[in-house]
């Protein structure tokens, strides 16, 4: 199942990793591990942020995606299930509309 992982990086320890030259290497290792389908970095509420589209097979996989960010950056992670237009078409909205009308 596709999930959107949004990560908020607090200024510390991220700034310390930037100063030591380790931030890029750590992020690279994390991306190699979580293998996102897409990865974007942006500002989020005044802090550094990342948005990653990941494939989660089982709920028990969630810690493997979050822990690298928690442990290395003390980051906040949020997960949201996302659907493609094709997924939405398979959802049976018409039948659900009739059932709950």
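Residue numbers (full-length UniProt numbering): 1 to 101. The C-beta atom is built at its ideal place from N, Cα and C for all residues, glycine as well.
- Please report how far the alpha carbon of residue 99 lies from the alpha carbon of residue 92, in whole angstroms. Within the chain shown, the letter at position 99 stands for residue 99. Within the chain shown, the letter at position 92 stands for residue 92. Rounded to the nearest angstrom, the two C-alpha atoms are 11 Å apart.
- Query: Between residue 65 and residue 26, which are expected to be in contact by the criterion C-beta below 8 Å, what is the C-beta distance as a whole number of angstroms?
  - Reply: Within the chain shown, the letter at position 65 stands for residue 65. Within the chain shown, the letter at position 26 stands for residue 26. 15 Å between Cβ atoms; not a contact.
- Pick out whichever of 72, 75, 69 and 4 has its Cα sitting closest to the Cα of residue 117. The shown model of the chain, from 1 to 101, leaves out residue 117, and the question about it has no answer.
- Item | Proximity to residue 78 [Cα-Cα], best of 63, 89 and 14 | As a working mapping, residue 78 is identified with position 78 in the chain shown. Across the set 63, 89 and 14, the C-alpha of 63 shows the shortest separation from the C-alpha of residue 78.
- Query: Going by beta carbon distance, what residues of the same chain come within less than 6 Å of residue 50, once the five residues before and after it are set aside?
  - Reply: Here residue 50 refers to the residue found at position 50 of the chain shown. So the list reads 7 and 41, once near-sequence residues are dropped.
- Item | residue 80, buried or exposed, once every other Cβ within 10 Å from all chains shown has been counted against 16 | Sequence index remark: in the chain shown, residue 80 carries index 80 (1-based). With fewer than 16 Cβ atoms within 10 Å of its Cβ, residue 80 is classed as exposed.
- Item | Cβ separation of residue 23 and residue 31, assumed to be a contact under 8 Å, to the nearest whole Å | The residue you call residue 23 lines up with position 23 of the chain shown. The residue you call residue 31 lines up with position 31 of the chain shown. At roughly 12 Å, the Cβ-Cβ gap does not stay under 8 Å, so residue 23 and residue 31 are not in contact.
- Query: Under the DSSP definition of a beta bridge, which residues are partnered with residue 8?
  - Reply: In the chain shown, counting from the first residue as 1, residue 8 sits at position 8. Beta-bridge pairing links residue 8 to 49 and 76.
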